[in-house]
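Put into structure tokens, the structure is as follows:
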């Protein structure tokens, strides 16, 4: 028997929490339980004004966004923001609800260019997150792979700083 899906259900209201919509075994839940991102606030506190300007985007969110991009193989900042806008698990991981505005991809990029331009800051954040990830078994340290392009760039950056 031919059955047609009732599309009127799209407009129905339900009482459900964002927490209920994200599967318990989703990778973002595992990361959230294992990685403590609070250290970032101490590292960036001098980059923010206490009493001037508009409220900022949470610096932890600014670090979690590229983490989502990398972990889930999203190719660009623009596409990452589009994915975040529609993915419930990403909303949950970033601490957003459905009414919170998602940062525009250009705002996301400008924060990196202006506020986080010091490569040592990113290295500190990356190293801290990586050590926590290794400690909790997210990273297999048995094999190491290197892309010579990236190695060359990091090496060049370090040389230019001295």
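Numbering (the UniProt record's numbering), first residue to last: 1 to 162. All C-beta atoms in this analysis are idealised placements derived from N, C-alpha and C, irrespective of residue type, glycine included.
Whether residue i touches residue j by CB criterion (8 Å)
i	j	result
residue 18	residue 61	no
residue 68	residue 80	yes
residue 32	residue 93	yes
residue 41	residue 59	yes
residue 132	residue 43	no
Residue environment, residue i, which counts as buried when at least 16 other CB atoms sit within 10 Å
i	result
residue 162	Caution applies to residue 162, whose pLDDT of 36 falls short of 50 and renders its modelled position unreliable; the value that the coordinates give is listed next. When all chains shown are included, residue 162 counts as exposed.
residue 98	exposed
residue 154	With a pLDDT of 49 at residue 154, under the threshold of 50, the modelled position of this residue cannot be trusted; read the value that follows with caution. Under this definition residue 154 is an exposed residue.
residue 16	exposed
residue 126	exposed
Sequence-distant residues of the same chain with beta carbon closer than 6 Å to residue i, five excluded per side
i	result
residue 105	77, 78 and 81
residue 90	68 and 84
residue 46	none
residue 111	62
residue 21	88
residue 120	none
Close beta carbons around residue i, own chain, < 8 Å, minus the five adjacent residues each side
i	result
residue 6	none
residue 26	89
Chain-order list of residues whose beta-carbon lies under 7 Å from that of residue i (same chain, five-residue window excluded)
i	result
residue 160	Any reading at residue 160 needs caution, since the residue's pLDDT is 44, under 50, leaving its predicted position unreliable; the model's value is listed next. Excluding positions up to five away in sequence, the list is empty.
residue 129	35
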